[in-house]
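If you use this note's numbering, the sequence shown corresponds to residues 225 to 649, in order.
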Amino acid sequence: MAVIEFINGKNKTYGAMKRVIEYITNPAKTEPHLIGGLSCDINNAYNQFVMTKRHYQKEAGRQYIHFMQSFAPYEKITPEEVKSMADELVKMKQFEGYEIIYATHIDRAHLHTHFILNTVNAVTGLKWKQGATELQMIKDYSDELCRKRGLTITVGKKGNYKKRGEYRAKIKAQSWKHELYLAVKEVKRLSKSKDDFISNMNKLGYKVNWTDTRKHITFVTPDGKKCRNNKLYPPEKFTKESLLKTFELNTSRASDEVDIENSTNCSINSTVENVKEYIVAYEKAEELELEGLRTGYRKIIEHNNYILAMKEMGQGNGYEFVTWMYSYDKKGVTIGRYFNDYESAKENMAIRSGLIDRNKMFNETELKLIHTNLINYVALNPNIEYRIEEAIGSVLDKIENIIPEILARDELEELELVDDDGLEL
Numbered sequence: 225m226a227v228i229e230f231i232n233g234k235n236k237t238y239g240a241m242k243r244v245i246e247y248i249t250n251p252a253k254t255e256p257h258l259i260g261g262l263s264c265d266i267n268n269a270y271n272q273f274v275m276t277k278r279h280y281q282k283e284a285g286r287q288y289i290h291f292m293q294s295f296a297p298y299e300k301i302t303p304e305e306v307k308s309m310a311d312e313l314v315k316m317k318q319f320e321g322y323e324i325i326y327a328t329h330i331d332r333a334h335l336h337t338h339f340i341l342n343t344v345n346a347v348t349g350l351k352w353k354q355g356a357t358e359l360q361m362i363k364d365y366s367d368e369l370c371r372k373r374g375l376t377i378t379v380g381k382k383g384n385y386k387k388r389g390e391y392r393a394k395i396k397a398q399s400w401k402h403e404l405y406l407a408v409k410e411v412k413r414l415s416k417s418k419d420d421f422i423s424n425m426n427k428l429g430y431k432v433n434w435t436d437t438r439k440h441i442t443f444v445t446p447d448g449k450k451c452r453n454n455k456l457y458p459p460e461k462f463t464k465e466s467l468l469k470t471f472e473l474n475t476s477r478a479s480d481e482v483d484i485e486n487s488t489n490c491s492i493n494s495t496v497e498n499v500k501e502y503i504v505a506y507e508k509a510e511e512l513e514l515e516g517l518r519t520g521y522r523k524i525i526e527h528n529n530y531i532l533a534m535k536e537m538g539q540g541n542g543y544e545f546v547t548w549m550y551s552y553d554k555k556g557v558t559i560g561r562y563f564n565d566y567e568s569a570k571e572n573m574a575i576r577s578g579l580i581d582r583n584k585m586f587n588e589t590e591l592k593l594i595h596t597n598l599i600n601y602v603a604l605n606p607n608i609e610y611r612i613e614e615a616i617g618s619v620l621d622k623i624e625n626i627i628p629e630i631l632a633r634d635e636l637e638e639l640e641l642v643d644d645d646g647l648e649l
């Protein structure tokens, strides 16, 4: 499934145009072979955009159009295939004569391509115009490209474009579903049987209708809202079979855990309070309006030139959290760190903004050594227990968020893994 999204931002200055081009071609987010250009040199796109505008004396108004083609995390598609689809998308007749630079990003769970289009046509000098019909044409062609490759297609009403007020109302109305999702996810992780799962959900105020005669499980929230397990994302993680399998794994490792009941109650209560904290903060926060920034982000915390923001992802996919550093003039943000959970985002914000003294933690050399040793351990132990591998993955994620350059390709290529006999792997 591919989603086409046009990004509304402050795109009326050359500075904003230059920054957004630098953003989409950032080596930390993409690779050289995943960057493409239509009617422009990818290494000189900004200057070409400016020269075209000056040639036709059309330097006022919107300088560029920014849109994305995003794919769901579960789609079996490679970055190269996503880039190939982008190559085909820009060949639409609609884009003839326009200069476009685009790049496929691989730094997130979902693959996506950013497109930056010069609003002045290099051949005709006409400015880009778009309405609901033009946007739908691009979406339809994107769907056709997906169909050819056997990818899923979203089916819905055409031209269904919501105003910001309607969208915010929808976000607020759907927050209960995200709370349910987090509760089920956490209780699933900590329960040892179907009855244990139902009991733990009841402690949170949720009713669970799980019978052998019905295909789906129905959850009822404390205020009476109903939701089936197949409406939680990703649905395959919340089937009856998946839940029962997880309970079996939890039971097998229960002997290694101390006071699991108290641990379960503490974790569940902590999760609920955590969710309430950031949802309340989100509903009170104002939307961020900064140059080059996609719409939908709201500022939750600001300290020492750093901000923590969050965005509702829509379609029941929860929230995205990010920490940024302000640009020197505070008109934009840079160097984002993205998270799926609020606690990790708060921890990163505390470290980056200086709320936590770095000197009281591991230094970078020690963290890199820990990172290398953990990778070696996983590589040399293919039959490692699931719970240990999960814990190691969590530690690696935290180290990589503190030291992003640790993921640089040249550093990883220099890393030598050896087995017990000293042979290179």
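Built from N, CA and C at the ideal position, the CB exists for glycine as well.
I need the straight-line Cα distance from Y365 to G260, nearest angstrom please. Within the sequence shown, residue 365 is the residue found at index 141, counting from 1. Within the sequence shown, residue 260 is the residue found at index 36, counting from 1. Those two C-alpha atoms are separated by around 19 Å.
Once the 5 residues before and after I340 are set aside, which same chain residues still bring their CB inside 8 Å of it? Against the sequence shown, residue 340 aligns to sequence position 116. Hits under 8 Å: M241, V244, I245, I248, A269, Y288, I289, H290, I324, I325 and Y326.
So what's T596 in DSSP terms, helix, strand or just coil? Position 372 of the sequence shown, counted from the start, is the residue given in the question as residue 596. Three-state result, T596: helix.
For M241, which of helix, strand or coil comes out of DSSP? As a first step, residue 241 is located in the sequence shown; it is residue number 17 there, counting from the start. Correct three-state label for M241: helix.
Distance between E368 and A226 (C-alpha atoms, nearest Å): If you number the sequence shown from 1, residue 226 lands on position 2. If you number the sequence shown from 1, residue 368 lands on position 144. Approximately 10 Å, taken between the alpha carbons.
Per DSSP, Y562 is paired with what? Taking the first residue of the sequence shown as 1, we reach residue 562 at position 338. According to DSSP, Y562 bridges with V546.
By how many angstroms is the C-alpha of Y562 removed from the C-alpha of E571? To locate residue 571, count along the sequence shown from 1; it is residue 347. To locate residue 562, count along the sequence shown from 1; it is residue 338. About 12 Å.
Across which residues does DSSP place H338 in a beta bridge pair? Your numbering for residue 338 matches position 114 in the sequence shown. Beta-bridge pairing links H338 to M292 and A327.
Buried or exposed for E410, going by 16 or more other Cβ atoms inside 10 Å? One-based indexing of the sequence shown puts residue 410 at position 186. Using a 10 angstroms sphere on the CB of E410, the tally of other CB atoms reaches 16 or more, which defines it as buried.
For W400 and Y530, the rounded distance between their alpha carbons: Numbered from its first residue, the sequence shown carries residue 530 at position 306. Numbered from its first residue, the sequence shown carries residue 400 at position 176. C-alpha separation (whole angstroms): 29 Å.
Is A284 helix, strand or coil when you go by DSSP? Here residue 284 is taken as the residue at index 60 of the sequence shown, counted from 1. In this structure, DSSP gives A284 a state outside helix and strand, which the three-state scheme calls coil.
Residue from W352, K416, K307 and D419 whose Cα sits closest to the Cα of G321: For the purposes of this step, residue 321 is identified with residue 97 of the sequence shown, where counting begins at 1. Minimum Cα distance to G321 is reached at W352.
Leaving aside the five residues before and after M316 along the sequence, list all residues of the same chain whose C-beta is less than 8 Å from its C-beta, in chain order. For the purposes of this step, residue 316 is identified with residue 92 of the sequence shown, where counting begins at 1. Closer than 8 Å at Cβ, skipping near neighbours: M361, I362 and Y365.
So the candidates are Q293, Y298, G355 and N267; which of them puts its Cα closest to the Cα of L313? Stepping through the sequence shown from its first residue, residue 313 is reached at position 89. With distances taken between CA atoms, L313 lies nearest to Q293 out of Q293, Y298, G355 and N267.
DSSP puts Y405 in a beta bridge; with which residues? Here residue 405 corresponds to residue number 181 of the sequence shown, with the count starting at 1. DSSP, once it has assigned bridges, lists no residue as partnering Y405.
Among K307, T547 and G285, the one whose alpha carbon lies nearest that of C370: Here residue 370 is taken as the residue at index 146 of the sequence shown, counted from 1. Taking only the C-alpha atoms, the option nearest C370 is K307.
Taking the alpha-carbon positions, what's the K592 to I627 distance? As a first step, residue 592 must be located in the sequence shown, where it is residue number 368. As a first step, residue 627 must be located in the sequence shown, where it is residue number 403. Going by the C-alpha atoms only, they are around 8 Å apart.
Sheet register partners of R522 (DSSP bridge): Within the sequence shown, the letter at position 298 stands for residue 522. R522 pairs with E511 and M534.
Whole-number beta carbon distance between I524 and M534, since they are thought to touch under 8 Å: To locate residue 534, count along the sequence shown from 1; it is residue 310. To locate residue 524, count along the sequence shown from 1; it is residue 300. That belief holds up - the Cβ atoms of M534 and I524 are roughly 6 Å apart, short of 8 Å.
Between S423 and F471, is the Cβ-Cβ spacing less than 8 Å? Your numbering for residue 423 matches position 199 in the sequence shown. Your numbering for residue 471 matches position 247 in the sequence shown. No, they are not a contact pair.
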